[in-house]
Structures are given as C-alpha cells and as structure tokens.
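Student: When we follow the numbering used here, the leftmost residue of the sequence shown carries the number 17, and every step to the right adds one. Ideal Cβ placement from N, Cα and C applies to all residues, glycine included. Just so we're clear, the structure is a prediction, and the values are computed from it rather than from any experiment. Before anything else, here's the structure in question.
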Amino acid sequence: MTRPVLLRGVRPLGGPSTDVLLADGIIAEVGQKLSPPDGAELIEADGAVLLPGLVDLHTHLREPGREDTETIATGSAAAALGGFTAVHAMANTTPVADTAEMVEQVAKLGEQAGLVDVRPVGAVSRGLAGEQLAEIANMARSAARVTVFSDDGHCVSDARLMRRALEYLKPYDAVLAQHAQDPRLADASCCAHEGELSGRLGLPGWPSVAEESIVARDVMLARHTGSRLHVCHVSSGGTVEVLRWAKAQGIAVTAEVTPHHLLLTCDLLSSYDPVFKVNPPLRPAEDVEALRAGLADGTIDAVATDHAPHAAHDKDHAFGDAAFGMLGLQTALGVLIQTMVEPGRLDWAGLADRMSVRPAVIGRLTGHGRPVAAGEPANLTLIDPAASWLVEPSELASLARNTPFAGRQLPGRVLATFLRGRATVRDGRLAAGQQGYAQQVGA
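Laid out in structure tokens, this is it:
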C-alpha cells in the first residue's frame with residue numbers, strides 16, 4: 017500500500033493555497049490546515065502549483081527495435097521528470113505495432129517500468145505502408161485497449177484507405193491521428209519550410225500546403241463518416257484556419273501542436289545544425305504566432321511533445337541526410353510556460369486543459385486529466401513556478417541527446433510527480449524505490 021502524502025500549501029491550478037491529502041491512490045481530501053494521518057509523508061510546498069498529471073498524445077519510445085536510442089523505461093523516466101503521468105507510444109517501432117500482440121508487449125513493458133501509464137498507439141496500416149488496414153479491431157479489443165491509431169511518420173495519403181480506417185475505428189470510439197503530409201507535395205527528402213530561406217540554403221522545400229490540403233481533405237472525410245479525427249503536430253497558420261472552420265461546422269476534429277513549433281522558427285536552419293531538423297519543419301514567425309493564437313483560443317486542443325530520440329550516428333550528418341526529430345518530454349512544460357503562461361495567453365488552468373485535460377479526453381484516459389478534487393485519481397504534478405533550470409543534454413533521462421533547447425534557461429521546475437498517489441519524482445529527481453526503472457536500465 018502506498019504511504020499517504022499530505023501536500024501543504026499548494027495552489028491547485030494556480031489558485032488559492034490549500035492542503036491536499038493523497039491516500040489509497042486518490043485525492044482523499046482538500047482543505048485548509050489538514051492533519052496528516054499516522055504514517056503520512058508531509059511535503060511543505062508553499063506556493064507550488066498543483067496540476068493534474070500531464071498527458072502526452074505523441075511520444076516515440078523506440079522499443080522494440082531501437083533500444084540504442086530509447087527504451088520504454090528511459091522514455092518513461094523522461095516523461096515522469098517532465099511532469100507526465102501518461103504517454104501514448106507511437107507505432108513506428110521495429111517491428112511496427114500493428115497487431116494485438118505488439119501493442120500488448122508495449123503496454124506490458126510500460127507497466128514494468130511503472131513510472132507513467134504507457135498507452136500504445138496502433139498503426140492504421142500494416143507496416144505503416146499505407147496499403148492495407150492493420151488489425152484495428154484486434155488492437156482495440158486487446159488487453160492494451162488501444163484507442164488511438166496512427167501511421168505517424170507516414171501520411172495516410174490514400175483517400176479511400178483513410179475513409180475505410182475512419183469507418184472502421186468508429187464502433188470502438190477510437191481516434192485516427194493523422195500525420196498530414198501529402199507525399200506528392202512534400203516527399204521524404206523535403207526537410208525545410210519552402211521559401212526564400214530553403215532556396216538560399218539549398219534544402220528541399222516542405223510547403224505548408226502539403227499539410228493544409230491533407231487536413232482539409234480529412235476533415236471532410238471525418239464529417240462524411242462521423243468519426244473522430246486528430247491532426248498531429250500542426251505547423252501552419254493555414255491549417256489553424258482549416259481547423260477553425262471545421263470546428264465551426266461541428267466536425268469531430270481535434271489537433272495538437274508541439275512545444276518546438278510554438279517557440280522555434282525556421283531561421284535557425286541557417287546554421288545547418290541537424291538538431292533543428294524535424295517533420296513537419298520549423299516554420300516562419302507568422303506561423304508560430306498563428307499556432308500560439310490557435311492554442312490560446314482552443315482551435316488547437318492539445319500540446320503533444322512528438323518526443324523523437326535519435327542516436328548520434330543517426331543525427332550527426334549533413335542536414336539533408338540526418339534523421340528527423342527532437343527530444344521533448346522534459347522540456348515541454350518549460351516551453352509552454354515561456355510561450356503561453358508568462359505572456360498571459362494561458363493561465364495555469366488553461367495550461368492544464370491543453371496539456372492534461374483535453375489530451376486525456378482525446379485518448380479516452382478516464383483516470384487522467386481530472387480535477388484536483390476529493391475522490392479523483394491522484395495523478396498529479398507539482399511545479400515550482402518561480403524556479404528555472406538550464407537544459408543540459410547530458411543530464412536528461414533519455415538515452416538520446418538531440419534536444420534543440422540545449423543551453424537554454426527554461427522556467428518552471430517539476431518538484432514532484434504522482435502516479436495514483438505514488439511519487440515517481442521527488443525534488444526534481446526520480447523518487448527512491450523505482451525498481452522497475454532501475455532494473456530496465458541496469459541501475
């Protein structure tokens with residue numbers, strides 16, 4: 017049984033100070049001057065902000081197949097240290113997570129690590145090839161209970177296959193998360209926002225319309241089928257406008273934006289540093305502003321990290337030959353505080369909505385993203401809003417080091433993370449007794 021914890025002087029969602037008692041996996045009591053029960057741990061947290069545990073809809077954990085870049089255990093550690101209590105593990109592993117057996121394996125490894133709830137994402141098509149549907153029904157009915165399906169890294173570009181997938185998902189109340197990239201407008205070689213800069217740098221251009229046109233097609237298919245559509249890593253202001261129109265029509269579409277697309281611009285590519293190579297690419301400042309506005313007004317529902325660890329031998333190449341992707345789990349919260357909370361575009365309740373509440377609803381995670389109230393599951397994150405920290409790649413929990421935020425000072429520090437009332441992180445470090453993680457990484 018988990019030892020009770022009394023959080024004294026915390027500010028739920030940045031509101032007034034109160035005490036919160038965690039016991040038996042739930043929030044047992046919220047109120048002023050609570051007395052700790054016998055054997056309880058007392059945490060003096062005067063002024064710390066208490067949020068529902070963060071939920072990531074878009075995480076690459078690389079296991080099975082690329083355990084040299086990340087494992088479910090190390091990725092779970094990075095997530096917990098970043099304030100997350102649940103992550104959705106993308107299907108582009110080796111082999112691909114396109115069968116019930118594969119998604120159950122991922123879920124089991126997540127349970128063994130024990131730091132966050134790892135929810136497998138099932139592939140839409142077999143082998144991510146975009147030709148035949150994967151075993152959607154078997155994955156949805158498996159012990160892993162898959163509710164999110166995606167070929168992320170590959171667009172479901174065939175309209176007929178996309179329609180069939182949406183229809184097939186509907187009886188399971190599952191959602192299709194689309195990587196919007198028309199391969200005829202932006203093929204696998206395209207690696208920079210198409211414009212004056214890509215031309216000057218000699219890098220193949222990835223035009224915004226390659227994203228916008230797929231999203232426009234897919235929202236119409238979602239309306240036709242009555243199914244749920246989710247748009248991964250929105251990068252274009254034009255896409256925000258398509259989403260705004262679709263939501264006004266009552267179409268069941270949701271969308272996410274990454275922290276790096278909220279902060280970084282394509283100007284950084286002038287250095288040819290492959291750490292800034294990501295798919296979709298970094299865009300100009302006007303797109304960044306549109307993404308921030310879309311997140312603020314709710315057109316974009318969620319923040320998702322697209323955490324994409326890579327080994328040095330995959331990333332340290334000429335820009336065009338390097339792997340796409342960036343780390344994101346431990347830096348996401350700080351970037352959101354810097355880009356959205358500090359400028360006043362979101363308050364703490366708004367941040368919790370975009371990083372916990374709505375992602376949990378999209379992924380159908382009933383035990384996460386819940387109010388900080390008595391009787392609710394104790395999946396929580398405690399943050400020092402006044403602290404800041406320097407991003408040192410060597411100190412991150414991930415096995416990879418490809419963070420675009422190296423050397424950057426980020427606001428907000430995760431003090432503690434609780435998974436069903438059990439501390440997975442304390443004082444900014446993995447809590448003592450995380451045996452599952454220790455065994456996985458050989459600690």
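With a CB to CB cut of under 6 Å and the five nearest residues on each side skipped, what residues in its chain are close to residue 224?
Tutor: Excluding residues within five positions, the ones whose Cβ falls inside 6 Å are 252, 254.
Student: Under 8 Å Cβ to Cβ from residue 180, same chain only, skipping five residues before and after it: list those, please.
Tutor: Excluding positions up to five away in sequence, the list reads 149.
Student: Considering only residues of the segment 91 to 150, which uninterrupted alpha helix (DSSP H) runs meet the minimum length of 4 residues and lie entirely inside it, listed in chain order?
Tutor: 116 to 129, all fully within the segment 91 to 150.
Student: Suppose you measure from the CA of residue 177 to the CA of residue 198; what does that come to, to the nearest Å?
Tutor: Cα-Cα distance, rounded: 14 Å.
Student: Short of 7 Å in beta carbon distance, which residues of its chain neighbour residue 368, apart from the five on each side in sequence? Order them along the chain.
Tutor: Correct list, in chain order: 29, 67, 68.
Student: Going by the CB atoms, is the gap between residue 379 and residue 27 shorter than 9 Å?
Tutor: Not in contact: residue 27 and residue 379 (Cβ atoms no closer than 9 Å).
Student: Identify, in the order they occur along the chain, each residue of the same chain with its Cβ nearer than 7 Å to the Cβ of residue 82, setting aside the five sequence neighbours on each side.
Tutor: Within the same chain, residue 82 has close Cβ partners 110.
Student: Sort out for me which residues DSSP pairs residue 404 with in a bridge.
Tutor: DSSP, once it has assigned bridges, lists 427 as partnering residue 404.
Student: Rounded to the nearest angstrom, how far is the Cβ of residue 319 from that of residue 348, given a contact under 8 Å?
Tutor: Sure, about 7 Å apart at Cβ, within 8 Å.
Student: Note down, in chain order, each residue of its chain lying with its Cβ closer than 7 Å to the Cβ of residue 420, except the 5 sequence neighbours on either side.
Tutor: If we look at residue 420 and ignore the five residues flanking it on each side, its Cβ neighbours are 276, 280, 291, 292, 342.
Student: Residue 71 lies in the beta strand (DSSP E); which residues open and close that run?
Tutor: Its beta strand (DSSP E) spans residues 70 to 75.
Student: Assign residue 287 to buried or exposed, taking buried as 16 or more other Cβ atoms, counted over all protein chains shown, within 10 Å of its Cβ.
Tutor: Counting Cβ neighbours within 10 Å, residue 287 comes out exposed, since fewer than 16 surround it.
Student: Starting from the Cα of residue 417, find the closest Cα among 323, 361, 389 and give me that residue.
Tutor: With distances taken between Cα atoms, residue 417 lies closest to 323.
Student: List the endpoints of the continuous beta strand (DSSP E) containing residue 59.
Tutor: Note, residue 59: beta strand (DSSP E), 57 to 60.
Student: Alpha carbon to alpha carbon, what distance is there between residue 297 and residue 238?
Tutor: Roughly 26 Å between the two C-alpha positions.
Student: Sorted by chain position, which residues of the same chain lie with C-beta nearer than 6 Å to residue 365's C-beta, five sequence neighbours on each side aside?
Tutor: 29.
Student: Which runs of the beta strand (DSSP E) spanning at least 3 residues fall entirely within the segment 235 to 312, listed in chain order?
Tutor: Segments of the beta strand (DSSP E) lying fully in the segment 235 to 312: 244 to 247, 269 to 273.
Student: Tell me whether residue 85 sits in a helix, a strand or coil according to DSSP, three-state version.
Tutor: Coil.
Student: In chain order, what residues of the same chain have a beta carbon less than 8 Å from the beta carbon of residue 211, not counting five sequence neighbours either side?
Tutor: Excluding positions up to five away in sequence, the list reads 221, 282, 300.
Student: Would residue 121 be called buried (16 or more neighbouring beta carbons within 10 Å of its own) or exposed?
Tutor: So residue 121 counts as buried.
Student: Return yes when the Cβ of residue 85 is within less than 9 Å of the Cβ of residue 325, no when it is not.
Tutor: Contact flag set, yes.
Student: Can you tell which of 352, 427, 447, 414 has the C-alpha that lies nearest to the C-alpha of residue 95?
Tutor: Considering only alpha carbons, the answer is 414.
Student: With a CB to CB cut of under 8 Å and the five nearest residues on each side skipped, what residues in its chain are close to residue 256?
Tutor: The residues are 250, 306, 307, 309, 310, 315, 316.
Student: Tell me the DSSP secondary structure of residue 506 in three-state form.
Tutor: Beyond the ends of the chain as shown, which are 17 and 459, falls residue 506; an answer cannot be given.
Student: Taking only the alpha-carbon atoms, compute the straight-line gap between residue 165 and residue 386 and give it to the nearest angstrom.
Tutor: Each residue's alpha carbon lies about 23 Å from the other.
Student: Using the three-state DSSP reduction, which class does residue 353 fall into: helix, strand or coil?
Tutor: The answer is helix: DSSP assigns residue 353 an H, G or I state.
Student: Whole angstroms are fine: how far does the CA of residue 208 sit from the CA of residue 21?
Tutor: About 49 Å.
Student: Residues in the same chain with beta-carbon distance under 8 Å from residue 52, minus the five sequence neighbours each way, listed in chain order, please.
Tutor: If we look at residue 52 and ignore the five residues flanking it on each side, its Cβ neighbours are 20, 22, 37, 58.
Student: Output the boundary residues of the beta strand (DSSP E) element that contains residue 29.
Tutor: Taken as a continuous stretch (DSSP letters only), residue 29 belongs to no beta strand (DSSP E), as it is neither H nor E.
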